[in-house]
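One structure is given here, and the rest of the page talks about it.
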Amino acid sequence: MTVVIGLTGSIASGKSTVSQMFSKFNIPVVDADQLSRKVVEPGEPAYNKIVEAFGFQILKEDRTIDRKRLGKIIFSDEEKRQQLNSIVHPQVRQEMLERRDAYKAEDYPAVVLDIPLLFESRLTSYVDRVMVVYVDEETQLNRLMERDQSEREEAEERIHAQLSIAEKAKMADAVIDNNGAVEESFQQLKDILHQWNIV
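The following block contains the structure:
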């Protein structure tokens, strides 16, 4: 029986760091962000729909989508953002479920679906257990400002655009406190997988 783990967190909580740790336990990870980049590549069905919806001006010279240009359009227009999501999200979900089911068919003890907006997108039905990577808000803020070289106000805006990390932690089956050293987070992950009889 493969246990499907939904891994989530908030921006700059260190979810990617934890996501990489699963390879040490030979547990495959399906990354929703990577898939969302893949499904908009030339030749993919979502790519054609996006070009049709937003026009050729969003393309670079090599015909790939200029994410910055597209970002400018959608971030200032809620309707256009919804339109883009309605094209990309179904493709990502389909791909994610196909990969999840392929790993289940291979009888892995667990497979991880790394989904940043797991709760916001109401995708908890895709997984058996939810693991949240948690940091306190001040740490999160400092990491985000450092990572993106952004001002405090801008960083706060981005954090508050998502469901708060404390709320996510309340809804989780397990929480990794990522305020400390990487080794501490790794030990917590190992303990959780042990409790869940996965390793």
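According to this note's numbering, the sequence shown holds residues 16 to 214 in order.
Positions of the beta carbon are idealized from the N, C-alpha and C atoms, including for glycine.
Remember, predicted model here, so these are calculated numbers, not experimental data.
Cutoff 7 Å; reference residue i; Cβ partners in own chain excluding five residues on either side
{"i": "V103", "result": "S51, V54, V55, A61"}
{"i": "M111", "result": "V45, A47, L50, L128"}
{"i": "M160", "result": "R167, A170"}
{"i": "L204", "result": "V33, M36, I191"}
Backbone CA spacing between residue i and residue j [nearest angstrom]
{"i": "K83", "j": "D92", "result": "14 Å"}
{"i": "D206", "j": "V214", "result": "9 Å"}
{"i": "D151", "j": "A187", "result": "16 Å"}
{"i": "V66", "j": "H209", "result": "47 Å"}
{"i": "Q202", "j": "Q106", "result": "35 Å"}
{"i": "K30", "j": "T23", "result": "7 Å"}
{"i": "K119", "j": "W211", "result": "17 Å"}
{"i": "E198", "j": "S28", "result": "15 Å"}
{"i": "P43", "j": "I191", "result": "19 Å"}
{"i": "N41", "j": "D77", "result": "37 Å"}
{"i": "V142", "j": "S165", "result": "34 Å"}
{"i": "R144", "j": "D122", "result": "17 Å"}
{"i": "Q157", "j": "A196", "result": "In the sequence as presented, Gln is not what sits at residue 157; that position holds Asn. Their Cα atoms are separated by approximately 16 Å."}
{"i": "I174", "j": "Q109", "result": "28 Å"}
{"i": "E172", "j": "E113", "result": "35 Å"}
Own chain, CB closer than 6 Å to residue i, minus 5 neighbours either side, in chain order
{"i": "S25", "result": "Q177, I180"}
{"i": "A189", "result": "M146, I207"}
{"i": "L85", "result": "I73"}
Which residues DSSP lists as bridging residue i, in chain order
{"i": "D48", "result": "Looking at the DSSP assignment, D48 forms no beta bridge with any residue, so it has no partner."}
{"i": "D15", "result": "Absent from the model: residue 15. The displayed extent of the chain is 16 to 214, so no value can be given."}
{"i": "I20", "result": "V127, R144"}
Neighbourhood of residue i by C-beta distance below 8 Å, restricted to the same chain and skipping five residues each side
{"i": "A81", "result": "The sequence given here places Asp at residue 81; Ala does not occur at that position. I73, L74, K75, listed in sequence order."}
{"i": "I88", "result": "F69, I73, K95"}
{"i": "F90", "result": "R96"}
{"i": "E135", "result": "Q177, L178"}
{"i": "T17", "result": "Y118, K119, D122, Y123, P124, A125, V126"}
CB contact check: residue i to chain D, cutoff 9 Å
{"i": "M36", "result": "Among the chains of the structure shown, chain D does not appear; only one protein chain is present."}
For the segment 63 to 128, list the alpha helix (DSSP H) runs that are entirely contained and at least 4 residues long, ordered along the chain.
-> 82 to 90, 93 to 120
Decide if the segment 116 to 127 is in contact with the segment 22 to 42; the criterion is three or more beta carbon pairs, one per stretch, under 8 Å apart.
-> yes
Which runs of the alpha helix (DSSP H), 4 residues or longer, sit entirely within the segment 156 to 207?
-> 167 to 175, 180 to 186
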